[in-house]
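When the letters of the sequence shown are read in order and numbered with our numbering, they come out as residues 6 to 279.
Glycine included, every Cβ here is placed at the ideal spot set by N, Cα and C.
Since the structure is predicted, the reported quantities are computational estimates derived from the model, not experimental observations.
Take a look at the structure below.
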Amino acid sequence: MPKLASYNGKVDSIENIKVSPMSRAFLFSDSVYEVISFYKKKFIDFETHLDRLKHSLNETKISCSIEECKTEIVKLLNESKFEDGYIYYQVSRGVDSIRSHFAEESDCERFGFIEEFSFFNQSPLKVMLVDDIRWQRCDIKSTSLLGNVLQMNDAKSVGCNEILMHKNGELTEGGASNIFFVKNKTIFTPELSPNILPGITRHQVIKIIKDKKLNFEEGSYSIDDLKEASSIWFTSTTKGILGVEEIVNLETKINTECELLEICKNAFVKRYFS
Ligand code: PMP
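Structure follows, in structure tokens:
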């Protein structure tokens, strides 16, 4: 079945959507995006995703009405038959007449598509620890993901399905997820900074941890902390909360049966998927 997509508000089969090669998204990756999940035809934390999109638009000075984005995302869901899945939605600075770093005054360009997806029964992750080679504004959800892509493809070539990044030894995040780890019965996660994306799932998991009054700390952590961790988790809109079974290039004390992970996973499923 052809994928359903939306281009500047018009919903159509993805094959029928024509995008200009002069799009600044195509030429410069001059665009920001969101991935929003839905379950039983209902968005999960829609407004929080829209707030983050607004943050990305503001920080990149891409002018676009968030209400227009909202209407288009809702329309895509309503016109699709899918019950469970996610919507990818991006906004670029627009289409120029010449390729120049200096953007012309133009309307923003909006593109999205909808995918069917099952959020359950995902396998534990095998990850590679890598240098974080990205730019200094990872809090913006930019489509410029070359740093992630290069490292993730290296990791894939040795059988991994995620990466765990560090900047000069300080843990940042996964290639497409945030990280949590457990040490001495306390759950830790790197604090928010321009070096990491403020993940919506990270935020949801922290809420659960606080509600359950589990020991928790946000701060700055090193590879040495990871070596001592009894459990490591990745969180994202499509992964939910997923445990790590192995870091291929680091000796750890990971035990995949972690009571704190189970508590958080069960509460997460109960809150968002029931
Ligand atoms: N960090 C990065 C680099 C990501 O790409 C993602 C997923 N988009 C996340 C964290 C997790 O964010 P969220 O929970 O909002 O999906």
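Check: Please classify Ile-211 as buried or exposed, where buried requires at least 16 other C-beta atoms within 10 Å of its C-beta.; Outcome: buried
Check: Going by the beta-carbon positions, is the gap between Glu-122 and Glu-167 smaller than 9 Å?; Outcome: Note on residue identity: the sequence assigns Phe, not Glu, to residue 122. Contact: no.
Check: Which whole-angstrom value is the C-beta distance of Ala-10 and Gly-174, which I expect to be below 8 Å?; Outcome: Actually they do not touch by this definition, with Cβ atoms about 42 Å apart.
Check: Can you tell me whether Lys-95 is helix, strand or coil according to DSSP?; Outcome: Residue identity differs from the one stated: residue 95 is Gln in this sequence, not Lys. Gln-95 falls in the strand class under three-state DSSP.
Check: Candidates Phe-43, Asn-183 and Val-37: which alpha carbon is nearest Arg-207's?; Outcome: Asn-183
Check: Could you check where the beta strand (DSSP E) with Asp-136 kicks off and where it finishes?; Outcome: 130-136
Check: How should Gln-209 be labelled, buried or exposed, when 16 other C-beta atoms within 10 angstroms of its C-beta is the threshold for buried?; Outcome: buried
Check: Which value, in whole angstroms, describes the spacing of the CA atoms of Lys-47 and Thr-53?; Outcome: 14 Å
Check: Once you ignore the five residues that flank Tyr-277 on each side, which residues in its own chain have a CB closer than 6 Å to its CB?; Outcome: Ile-49
Check: Could you tell me which uninterrupted beta strand (DSSP E) segments, each at least 3 residues in length, are contained entirely in the segment 15-100, listed from first to last along the chain?; Outcome: 15-18, 36-44 and 90-97
Check: For Ile-103, count the other beta carbons within 10 Å of its own beta carbon; 16 or more makes it buried, fewer makes it exposed. Which is it?; Outcome: exposed
Check: Across which residues does DSSP place Thr-240 in a beta bridge pair?; Outcome: Asn-183 and Ile-246
Check: Does any heavy atom of the ligand PMP sit closer than 8 Å to the C-beta of Asn-183?; Outcome: yes
Check: Just verifying my parser: in three-state terms, what is the DSSP assignment at Leu-197?; Outcome: coil
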